[in-house]
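**Student:** So in our numbering, the last spot in the sequence shown is 121, and the numbers never skip.
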Amino acid sequence: MSNERESIVTIDISNIQTANQLHLLLKEKLEFPDFYGENWDAITGLISMPDKLVLIGWLEFEKNLPSDAKTMKEFLYLHNEEYPDWKCEYLFN
Numbered sequence: 029m030s031n032e033r034e035s036i037v038t039i040d041i042s043n044i045q046t047a048n049q050l051h052l053l054l055k056e057k058l059e060f061p062d063f064y065g066e067n068w069d070a071i072t073g074l075i076s077m078p079d080k081l082v083l084i085g086w087l088e089f090e091k092n093l094p095s096d097a098k099t100m101k102e103f104l105y106l107h108n109e110e111y112p113d114w115k116c117e118y119l120f121n
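#1: In chain order, what residues of the same chain have a beta carbon less than 8 angstroms from the beta carbon of N43, not counting five sequence neighbours either side?
#2: Could you name the residues of the same chain whose beta carbon sits closer than 8 angstroms to that of K57, not counting the 5 residues immediately before and after it, in chain order?
#3: What residue range is occupied by the uninterrupted alpha helix (DSSP H) comprising W120?
#4: Helix, strand or coil for D40, going by three-state DSSP, please let me know.
#5: Please give the ranges of any alpha helix (DSSP H) in the region 51–96, keeping only runs that are unbroken, at least 4 residues long and fully inside the region.
#6: Can you check whether the CB of V82 is closer than 8 angstroms to the CB of N108?
#7: With a threshold of 16 other CB atoms inside 10 Å of the CB of Y64, please say whether the residue is buried or exposed.
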């Protein structure tokens, strides 16, 4: 895991059609370690987040995968509560 993170990461999720596609994209763009389990429970304190995460295409993503969109928001906010040292600002554009 890299100790030096970009302070702002922007990810276009507008064309995501499956949860698997989303997790693979998050793993790539957020430089998650190889042991990342590609599921919501794998987003733990072992995974650091950038200072700011900008998600482009949020409305399209919510339409395509409403359950995953809801779960994603819950886990991202929970991550901030559980790991305040790695707090991330989320922008759902």
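From the three backbone atoms N, C-alpha and C, an ideal C-beta is built for every residue, glycine too.
**Tutor:** Working from what's here:
#1: One-based indexing of the sequence shown puts residue 43 at position 15. Result list for N43: G85 and E88, in chain order.
#2: Taking the first residue of the sequence shown as 1, we reach residue 57 at position 29. The answer, listed in chain order, is V37 and I39.
#3: Against the sequence shown, residue 120 aligns to sequence position 92. The question names Trp, but residue 120 is Phe in the sequence shown. Looking at the DSSP string, F120 is not in any alpha helix (DSSP H); the run it does join, the beta strand (DSSP E), is E117 to F120.
#4: Here residue 40 refers to the residue found at position 12 when the sequence shown is read from its first residue. In this structure, D40 counts as strand in the three-state DSSP scheme.
#5: Fully enclosed alpha helix (DSSP H) runs of no fewer than 4 residues occupy 86–92 of the region 51–96, in order along the chain.
#6: Translated into the one-based positions of the sequence shown, residue 108 becomes position 80. Translated into the one-based positions of the sequence shown, residue 82 becomes position 54. Result no, Cβ atoms of N108 and V82 do not sit closer than 8 angstroms.
#7: As a position in the sequence shown, residue 64 is number 36, starting the count at 1. By the neighbour-count rule (16 or more Cβ atoms within 10 Å), Y64 is buried.
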